[in-house]
Amino acid sequence: MEKERDEPEIIFPPVLPISEITTRYNLTGFWRDGACPEFVPKRAPCKHGCPLNQDIAEAIELIRKNRIKDAWNLWTENNPLPAVCGRVCRHFCEEKCSREDYGGAIKIGNIERFLGDIGLEKGWMFDFPKNRSSERKIAVIGAGPAGLAAVYFLRKAGLRAELLEKENKFGGFSRFIPEYRLPRRVLTEEMGRILRAPNNQIKILNPISLDETFVRNVLNNDFYAAVLIASGAGVKNRLNIPGENSERIINALDFLAGDGTEIAPKKIIIIGGGNTGIDAARTARRFYPEAGVKIICPESEEAMPAYKKEISAALLEGIEIKNCFLPLEIREISDGLEIKFCEPKILLAENGEICFLPTDSFYFEEADLAITAAGTKSQNPFLRHLSEKQKEKVFVIGDAMEKFGSISRAMASAKNVVKEAIKSLETGKRKSHQEELAAVATIKDINLAYFEKKPPPRNSLRYLNSYQLQKEIAGNFLELIETWPTSAVREEIERCFSCGFCVGCDNCYEFCPDIAVIKIKENDKAIYEIDEKYCKGCGICVKECPRGIIEVRI
Amino acid sequence: MKEKRKDEMKLLSGNEVAALAAYLCGVKYVAGYPITPATQAIEELSRLFQEKGRKFETAESEYSILAKVIGASLCARTFTVTSSQGLALMHELLHAASNYALPIVIAVANRSIGLPWNIWSDQTDSLSQLYTGWIQFYCENVQEVFDTIILAYKIAEYQEKRIIESEKENQNVLTPIMVCYDGFPVGHNKELVLMSSQEKIKEYLAEELDLYQKISFERPFTLGSSSCPYNFAQFQKDRMRRLNNALEITKKAVWEFEKVFGRKIAPIIDGEDSPKNPAAKNICLAMGGISGALKDAVAQINKSLPDASLEVLRIKLFNPFPEEKIRYLLGQNKKDRIIILNNSPYPVLTERIKTALYRTTNQPEIFSRIVGVGGSHEVSSDFLAEKIKNILTGKDDGEEWWIDPKTAPRLPNLGAVKHCEKLDDKELITPGHRACSGCGAILPLKWALEVLGKETIVVIPACCWSVIDGPYPASNLKVMAIHSPFAAGVQIASGIKAAFELQDKKINAVCFGGDGSFFDIGFGALSSAAERGENNIYICYDNEGYMNTGNQRSGATPFGARTKTSLPFKQERKKNIIDIMAAHKIVYAAFASVSEPKDFREKIEKAIKYQKEGSCFIDILCPCPTGWGFENNLTIEIARKAVRSGMFPLYEIEKGKYKLGGEILRAPSIKDLEDYFAAQKRFANLTDEDKILIQKEINANLQRLQRIAKIL
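So the sequence lines, in the order shown, correspond to chains W and V. For the first sequence, my numbering gives the first residue as 72, with consecutive numbering after it. For the second sequence, my numbering gives the first residue as -3, with consecutive numbering after it.
Structure below.
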């Protein structure tokens, strides 16, 4: 505000009509009918969709400014495994993207993979703070994605962590993901980075046996301040149908782990439409290029639990998918199997689960190898029924808590439980962690006049066409799609609306006819304020903000 | 009495009544150019004269308006309304009208003459046209405006029917008349007016006059070929005689008016025939609207000072001046004091009265006072009463009164800071200006000044910015700026630039005005400056009409847009100003839009570069929420739609080379166009066929541009 004066200096009597003072005395804000517009940043829908609450729009803005290291730092604040997640996450973020109906969703997965790969290539490292020395250790059991994430978030918060793993490998369930989806090198390097980070102070202890006695011991002695259990879901579900024990039937996880069979099959049937089923099918495709591979699952095409991109890749590779058939019985015939299916009746149970009930309309398939992929469950069911007392010190995360089926959800549970654990250690009381969240930006907030309706850049495929692909994938576990080059990433981030996030485009400042938007430069980022003393309330800034950040609150 | 009841009472303002009176008088042809405070009358004329058998026209300036009226008045009854600067611009033609003995009637909504701009009333404008040979009436209220316009046609068209034997018997008037009233408040305040029917007025007025009855192709003649001094003097002598005849004819006309309409009308001098105080020793004299306050003041004094002996006379017919009548009225009894109120900086009324009283035996003391300059409505009767009392009681200090000091505006103290104290601010426009909410016209100057820098002089011809910037002693511009008359901006900029260059100083002189200043009234100046290649930048903020006066058509209004002077919508096409400028071989000309600030800045940068070689002209589209009829927040969006629909294609011409903006290359669809039309009320009257026609023209224009861009 201008300084105040006792009396305006006016030349009197007016000899010439010279106007020398500013019009600032005229507070045109009084002309305004309603409230003054204000800046109300919103949550981008991608961030809203992401279980990890990833700051995607902010990171994209950093890449736009060519601050890729900063973007990587920001990204790894919420997710220590961008290269892994960029490849295998379902990318709930993309499903929520406002661009969906306007040229197609932003390929956030490809951007994440680009960030992750560049981080690996340049050897960027995490920066953990020093331990808050007086505090006791927190144990994390299980070195899968959830456990590693838990250790990571604990160390980020400056707490002492101890990682306990019964095997001499880390990665947990993610080790079953085939190479063409997640190269082992990426998995090892990225997960190992958490343990290699300087000042990581993570101890890996010998295997322990995880049972109720263990929990009781933890509670009884003060060695650990808390225990985070990320033991995963290691028990393979069975089909529970007659004939399941045949030698020609193998569980998908065993198949993926390389426990192959002696049989050289001609016709392979995979039972189960989840990601594991598809992984098994595509792996079979690579091992036995001559064999016909068929997936049969009770779910309809839309309801298949596998990721859409996985399904389409499977189809591209020449795998047949048959939907809506429930296996009833398996019989061994001479050099093969005969499997009896039926068209199931679909029932929605009271707890929301979908049940498939057998019917009388049968269908038979022959095969010489069947792979079952009926999912897994936690091996420690007692964890779900901890007493209130136990819950103050024992926290369950990842698939051990609930079958998430998604790496980002498993890691998100780790992130949230770490926050919860920290809070509960501070206050002594367990309280589920809830942040106050800003409203989510929608497509209605976006001024589409500022954005071209443009599709994303095309993936660079390793194979020219489906024919070549089917020919060349035999024994070949290379990734189908290459990591995007910087140019493609640049092209794609220009398409991003940056929903609800101010990128300093200057529109409000530029278009304000009342000179009522004040621009303050702060560390090369522009910050705007609306001067309600002068704002006449025309609403041009509200209308012209490409991202809908300015609002008139009634 | 029965007939009197037929006449109805209506609540009307002076402006409305002026238009209505002309309509009822059977005027066939009117032309009008909007100017505050007469605009409302022009709009009324436009509405009323839609009728078959009548015509309303607009033009690019008041000068052309009077020219049109002169032409039409050779064989039709004509009328127009103007004010202030507009009347001043007509000056040359005022002479022509009276010399050609054309019985034109125009209404003048009195307003001060600038600059600085002031829209309030005083009589400077009409008084400065005293020697153009026009009869001048000054009205006090709305009823009088109505009656006087009827009366004026009677007088102006007065022609001897009998054969005249000697020059002295010649009673012809055939002289144009100005009927003046205060733009504020008379022009705008509504009063109950007693109307007269069209038949009655027809009965009162002469048959429509075929002035030069001789106009016929069987007997051709030339009007106004050059004459020798002897003949010229004869014409002038006749003109003066005709003018002076008006005194006698007015008397007759008033008599007849009262006979036909059965109601009183103020005679030549209001109060001459019905004095309230016949034996008064002290007389107050005034003209026009200020007489109202004067009458109130005198009534107040007569009540409080029983021996004041005051009487008010109001001069209604000022030119020709009723000298004899004045001598008679002021010579009756022995007058002590005469108090004359002049509603202009010059004591014109006093001069006339003094001349009238020359060599009379009774010489009363004359108190001539100038009052109400630049706003007669601001003078209160209390103020006048106090001052007149001072004169009567001998306490007068001899000073002029000018204006009631109580009306001095008070500025809030907040932020009364001089621009020079805050020179390092980046923004060269300060907030607190008076533009409407959502105004698009602020932005181009805001952006242009960012590029042009502080060493810039902005010349602002009459436009919205005349109101936006100010009021005195404040300005929202942090650079040097000069407000200029409507047609003068371009050439004032040239003068400034030349004078600075003589001192080896490098500055940018920018003329920044609305489309009126460049497409219409100032087009001649722009054209000649471009032809001579004067080294300046001209920026036109194009809101496609006269938006400052409330949305009237201009040369920039596109086909299909409804304005208050183009009903139901404009039938003619928008001037393509950039192509016109290109035809001048101008060094740089460009269309821009407020929706594209980056593009506009680049164009300003180019203009700065090219101005060394000649003139640079940029026409930037600035939608107007109030005039175009859209919500205040849509200003930018509407501009963007105009560009994307092809209605306002952005292209530029650099040294004769056409460069098309990216949007032009995309063929716009009818949907874009319909989107653009639907967003504004001004296109509401368009039919689907009109829209298809416009679409075709847009496509043709874009194809033409693409071809030209290839060739040139």
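For each residue, glycine too, the CB sits at the ideal point set by N, CA and C.
- Annotation: the continuous alpha helix (DSSP H) that includes W/M482 extends over 478 to 498.
- In this structure, the alpha-carbon of V/G110 lies about 15 Å from that of V/N339.
- For V/L353, the secondary structure class from DSSP, reduced to helix, strand or coil, is coil.
- V/R107 has a beta carbon lying at 8 Å or more from every beta carbon in chain W.
- Per DSSP, W/L310 lies in no beta strand (DSSP E) segment and is marked neither H nor E.
- Of all residues in the segment 446 to 479 of chain V, only G466, Y468, P469, A470, S471, N472 come within less than 7 Å of chain W when Cβ atoms are compared, listed by chain position.
- Ranked by how close their Cα comes to the Cα of V/A674, the residues V/K653, V/E633, V/E650 have V/E633 in first place.
- Linking V/I146 to V/C21 through their CA atoms gives a straight-line distance of about 6 Å.
- W/L290 is the residue among W/L290, W/N144, W/G180 whose C-alpha sits nearest the C-alpha of W/K460.
- In this structure, V/A27 sits near V/T76, with a CB-CB distance shorter than 8 Å.
- Here DSSP, grouped into helix, strand and coil, assigns V/A557 to coil.
- Following the DSSP letters along the chain, one finds V/G67 inside the alpha helix (DSSP H) bounded by residues 58 to 69.
- Bounds of the beta strand (DSSP E) holding V/T452 are 452 to 457.
- With the criterion set as a beta carbon lying under 9 Å from some beta carbon of chain W, the segment 567 to 589 of chain V has no members that meet it.
- Take W/S477, set aside five residues on each side of it, and the residues of its chain with a beta-carbon closer than 6 Å to its own are R161, in chain order.
- Interface residue (Cβ-Cβ distance to chain V less than 8 Å): W/Y173 is not classified as such.
- Beta-bridge partners of V/G512 (DSSP): none assigned.
- Under the 10 Å beta carbon count, V/T351 is surrounded by fewer than 16 other beta carbons and is classified as exposed.
- Boundaries of the beta strand (DSSP E) around V/N106: 101 to 106.
- When the alpha-carbon of W/F522 is set against those of W/N181, W/Y538, W/C567, the nearest one is in W/C567.
- Rounded to whole angstroms, V/T683 and V/I366 show a C-alpha spacing of 56 Å.
- In the three-state scheme derived from DSSP, where H, G and I count as helix and E and B as strand, W/T443 is classed as strand.
- Shown here for V/V486: same chain residues with a beta carbon closer than 7 Å to its own, the five before and five after excluded, namely C507, G518, A521, L522, A525, Y534 in chain order.
- A check of alpha carbon separations from W/P88 across V/H479, V/R636, V/E648, V/I245 identifies V/H479 as the nearest.
- For V/C135, the three-state secondary structure derived from DSSP is coil.
- Scanning chain V for C-beta atoms nearer than 7 Å to the C-beta of W/A587 yields P427, reported in chain order.
- With its beta carbon at least 8 Å from every one in chain W, V/G625 lies outside the interface.
- The contact set of V/K414 on chain W, defined by CB atoms closer than 8 Å, consists of E80, E91, I92, T93 in chain order.
- Residue-level contact check: W/N97 touches chain V, since one or more beta carbons of chain V fall below 8 Å from its beta carbon.
- If you ignore the 5 residues before and after W/C107, its C-beta comes within less than 8 Å of the C-beta of G100, I601, E603, C606, G608, V623, all in its own chain and listed in chain order.
- W/D188 counts as buried, since at least 16 other C-beta atoms from the protein chains shown sit within 10 angstroms of its C-beta.
- Taking CB atoms only, V/C536 has no neighbour in chain W less than 8 Å away.
- At least one beta carbon of chain W lies nearer than 8 Å to the beta carbon of V/S433.
- Contact between V/Q132 and V/C71 is ruled out by a C-beta separation of about 25 Å, above the 8 Å threshold.
- With respect to the 8 Å criterion, V/C432 and V/P621 are classified as neighbours on the basis of their beta carbons.
- Counting only runs of at least 4 residues, the segment 344 to 412 of chain W fully encloses the following alpha helix (DSSP H) elements, listed from N- to C-terminal order: 346 to 358, 379 to 387.
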